[in-house]
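Read the structure below first, then the notes.
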Amino acid sequence: MVGHVVRKRLYILVFAALIGLTALTTGVAFIDLGKWNTLAALAIAVSKASLVVLFFMHLRWSSGLMRMVLLAAFVWFAILVALTLSDEFTRQWTPVPSSWQAQVQQQAR
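In my numbering, the protein residues as written are 458 to 566.
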C-alpha cells in the first residue's frame, strides 16, 4: 500500500503556521478579552489540532470512511461535552457566607 507523497515544503509551511499560532496563543493570553479569552484560546487550539490532523496524520488524503470515523468521534466528543456542560449549568451554586479565614480568626479569639 502506497501512501500519498507530500513535499517537504508543505510540512515546513504547516510547521511555520503552528509556530505562528503558538505565538498568537501566547499573545492572546496577555490581552484581556474578558469572557472571550477562553473562546479565543479554544479557537486557536482547534486550528492547530486541525493542521496536525489534516497534514501530519494525512487525513487530508484519506478515504471517505476514515473521515467519517473522525467525524463520528468529534460528534461523540461534542455530545459528551454538552452533557457535562448541561450538568454544570443546571447546578445551584450557593455562595459561602463567609470566608474560611474569617472563621479561623473568630475561633482564634
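Each residue gets a CB set at the ideal place from its N, CA and C atoms; glycine is no exception.
Taking each of 484, 517, 512, 480 in turn and checking the Cα distance to residue 466, the smallest one comes out for 512.
With contacts defined by Cβ atoms closer than 8 Å, residue 473 and residue 485 do not form a contacting pair.
Between residue 471 and residue 508, the alpha-carbon positions lie close to 7 Å from each other. For residue 468, the closest C-alpha among the options 510, 528, 562 is that of 510. Taken through DSSP and simplified to helix, strand or coil, residue 492 comes out as coil.
For the 8 Å CB-CB criterion, residue 527 and residue 516 form a contact. For residue 509, there is no enclosing alpha helix (DSSP H), as DSSP gives it neither H nor E.
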